[in-house]
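Take a look at the structure below.
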Amino acid sequence: MAKVVKFGGSSLASAQQFKKVGDIIKADPARKYVIPSAPGKRFSDDTKVTDMLYECYELAEAGKSYKSKLADIAARYREIIEGLELNLSLEQEFAIIEKNFKERAGSNYAASRGEYLNGIIMAAYLGFTFIDAATVIFFKEDGSLDEKKTDETLSARLEECDKAVVPGFYGSMPDGSIKTFSRGGSDITGSIVARAAKVDVYENWTDVSGILVADPRIIDNPAGIEVITYKELRELAYMGFNVLHEESIFPVRQQGIPINIRNTNAPEDNGTWIVGSTCQKSKYVITGIAGKKGFCSINIEKDMMNAEIGFGRKILQAFEENDISFEHVPSGIDTMTVFVHQDEFMHKEQKVVAGIHRLANPDSIEIESDLALIAVVGRSMKSARGTAARIFSALAHVNVNVRMIDQGSSEQNIIIGVADEDFETAIKAIYDIFVLTRL
Ligand code: ASP
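Count along the sequence shown from 1, add 193, and you get the number used in the working numbering.
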């Protein structure tokens with residue numbers, strides 16, 4: 194049995210947090226490969242080390258003085274090292290970083306030092322081998338991950354060591370320069386290492402006890418999700434759930450490795466299991482509710498539209514020509530509606546409308562703004578009769594007008610469009626009917 198364990202920034206923000214992490218790792222000998230993030234916030238208005246590094250490098254690049262900012266960063270690490278009573282100095286590392294900043298090594302290099310240095314501390318603290326991610330994770334010239342080279346090099350390297358620390362978030366380009374993933378990318382490193390080491394579980398440790406059924410900013414103390422499939426998570430992530438970096442799902446999914454989201458501050462909690470498929474029913478008919486505000490709908494009408502071959506393509510072409518991606522396209526007999534992000538669409542509105550007229554010659558076009566989309570997701574919906582009816586009666590009950598309904602063919606997802614101002618009320622009503630009253 195082997196596990197990859199990835200720890201987020203808040204789990205490694207101070208020596209005290211590091212100790213909790215050390216205890217978690219030592220409690221289970223299967224926890225062999227450790228992926229640390231950079232130190233995160235110690236309190237709510239603290240600054241993440243990654244952000245400090247970006248700021249510091251910006252000063253260096255602008256030719257301004259950056260040494261005191263770099264000294265602040267060094268102090269963050271010193272505090273951790275001293276708190277752990279380690280016999281370790283990062284002085285030489287900081288001298289190299291300072292020199293590379295002066296030589297404009299790039300903001301990717303700068304940001305990557307957050308996890309690189311934390312990895313050195315973590316390896317020293319645990320007595321594990323330190324593997325610099327730049328030597329095992331490779332990008333191609335176009336910036337995409339070189340999966341083959343990475344997988345081969347990484348598996349061979351991991352086979353040589355029983356226990357190792359691989360810092361998250363970065364790898365190297367063909368010319369040897371450092372490149373990072375997008376923000377939150379240590380999750381991806383964890384997933385890549387899990388695949389290469391062919392482990393049984395990828396544990397992702399953070400500061401919440403798993404994924405919640407709904408956004409805690411809208412629902413007071415929402416229920417947690419015990420098991421969720423990759424597919425369900427994908428649908429919810431698209432609508433704003435951000436527990437894990439979206440791209441981190443793919444490498445482990447290929448290998449059928451489950452991800453277990455756990456809480457460093459409450460290690461006794463089981464957290465959430467993210468799996469390929471499961472025979473476990475979710476506790477409620479729905480697995481999760483997520484949503485986003487700020488959409489706009491373009492309703493296009495044309496008599497006999499359904500008989501006109503190529504009508505849909507022409508409409509979407511008008512969006513494509515203006516570089517706008519669409520979110521949903523529900524259609525009726527003589528109508529077609531295109532949902533887009535309002536902020537993307539706003540400035541190009543008249544161009545798109547003119548394009549639709551030119552390409553498809555519709556009878557009318559109407560634009561509605563300030564709409565919110567809510568996704569109600571659940572693998573158990575397929576076998577539960579009346580799910581949609583329950584959602585709509587709950588919404589009617591709280592006087593929310595439904596503007597759009599779209600049920601994906603997977604029957605795992607119902608998307609509902611409501612006015613922005615009804616967003617919170619609608620989510621509460623749906624949560625109440627499925628989770629609180631458990632209908
Ligand atoms: N430290 C990086 C960030 O703040 C990467 C990560 O934490 O996953 O985005």
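Positions of the beta carbon are idealized from the N, C-alpha and C atoms, including for glycine.
Beta-carbon contacts of residue i that lie in its chain and below 6 Å, excluding the five residues immediately before and after
i: serine 348; result: Ala389
i: aspartate 216; result: none
i: valine 135; result: Look at the range of the chain in this structure, 194 to 632, and you will see that residue 135 is not part of it.
i: aspartate 344; result: Ala389
i: alanine 189; result: The structure shown does not extend to residue 189, since the chain is modelled only from 194 through 632, so no value can be given for it.
i: glycine 137; result: The question about residue 137 has no answer here: the residues shown for the chain are numbered 194 through 632.
i: alanine 483; result: Leu429, Met432, Gly433, Phe434 and Ala568
Reference residue i, options the options, closest by Cα
i: alanine 565; options: Glu617, Ala581 and Ala577; result: Glu617
i: leucine 426; options: Ala407, Ile412, Pro415 and Asp413; result: Ala407
i: glycine 336; options: Ser365, Asp344, Lys476 and Asn397; result: Ser365
i: aspartate 615; options: Asp563, Glu248, Ser576 and Arg410; result: Asp563
i: leucine 552; options: Glu513, Glu561, Met539 and Ala587; result: Glu513
i: glycine 312; options: Leu246, Arg455, Lys333 and Tyr226; result: Tyr226
i: lysine 295; options: Gly403, Arg572 and Lys260; result: Lys260
i: threonine 501; options: Met529, Val522 and Val628; result: Residue identity differs from the one stated: residue 501 is glutamate in this sequence, not threonine. For glutamate 501, the nearest C-alpha among the options comes from Met529.
i: glycine 433; options: Thr243, Ser203, Ser576 and Lys486; result: Lys486
i: threonine 580; options: Ser402, Met597, Leu351 and Ile626; result: Ile626
i: aspartate 400; options: Lys199, Ala619, Gly481 and Ser557; result: Lys199
i: glutamate 419; options: Ala577, Gly503, Gly276 and Gly481; result: Gly481
i: phenylalanine 538; options: Ser524, Val522 and Ser518; result: Ser518
i: valine 242; options: Arg269, Lys257, Ala255 and Ser258; result: Arg269
i: aspartate 496; options: Ser557, Asn463 and Pro451; result: Ser557
i: leucine 319; options: Ile290, Glu334, Leu283 and Leu277; result: Leu277
Beta carbon of residue i nearer than 9 Å to that of residue j
i: serine 300; j: glutamate 251; result: yes
i: proline 444; j: serine 379; result: no
i: valine 570; j: glutamine 605; result: yes
i: isoleucine 493; j: valine 531; result: yes
i: isoleucine 560; j: isoleucine 508; result: no
i: isoleucine 609; j: valine 591; result: no
i: lysine 213; j: asparagine 435; result: no
i: aspartate 527; j: asparagine 554; result: no
i: arginine 446; j: tyrosine 423; result: yes
i: aspartate 325; j: tyrosine 309; result: yes
i: leucine 405; j: alanine 416; result: yes
i: isoleucine 421; j: isoleucine 442; result: no
i: alanine 387; j: valine 197; result: yes
i: arginine 578; j: serine 475; result: no
i: valine 392; j: alanine 220; result: no
Simplified DSSP assignment, three categories, for residue i
i: glycine 307; result: helix
i: tyrosine 477; result: coil
i: glutamine 605; result: coil
i: alanine 288; result: helix
i: methionine 497; result: coil
i: lysine 544; result: helix
i: aspartate 563; result: strand
i: leucine 405; result: strand
i: asparagine 293; result: helix
i: glycine 201; result: coil
i: lysine 196; result: strand
i: arginine 578; result: coil
i: glycine 256; result: coil
i: serine 490; result: strand
i: glycine 320; result: coil
i: isoleucine 467; result: strand
i: arginine 455; result: strand
i: glycine 417; result: strand
i: aspartate 265; result: helix
i: serine 518; result: coil
i: serine 300; result: helix
i: threonine 618; result: helix
i: histidine 534; result: strand
i: isoleucine 598; result: strand
i: valine 593; result: coil
Cβ neighbours of residue i in the same chain (closer than 7 Å, five flanking residues each side left out)
i: serine 305; result: Phe362, Tyr363, Ile371 and Thr373
i: lysine 342; result: Phe331
i: glycine 449; result: Gly469
i: valine 628; result: Val406, Ala416 and Tyr477
Same chain, Cβ closer than 8 Å to residue i, five either side skipped, listed in chain order
i: glutamate 272; result: Ser207 and Ala208
i: glutamate 520; result: Phe488, Phe532, Val533, His534 and Leu566
i: asparagine 635; result: Lying outside 194 to 632, the shown extent of the chain, residue 635 is not represented and no answer is given.
i: threonine 346; result: Thr328, Val329 and Phe331
i: glutamine 600; result: Ala581, Asn606, Ile607 and Ile608
Residue i at chain D interface by Cβ criterion, 9 Å
i: isoleucine 421; result: The structure shown contains no chain D, having only a single protein chain.
beta-carbon residue i near the ligand SAM non-hydrogen atom, thresh 8 Å
i: glycine 307; result: The ligand SAM is not part of the structure shown, which contains the ligand ASP as its ligands.
Completely contained beta strand (DSSP E) runs for the stretch 327-400, where each covers 3 or more residues | The qualifying runs are 363-365, 371-373 and 394-399.
Note down, one range per segment and in chain order, each alpha helix (DSSP H) of at least 4 residues found wholly within the stretch 207-245.
-> As for any alpha helix (DSSP H) of minimum length 4 sitting wholly inside the stretch 207-245, the runs are 208-219, ordered along the chain.
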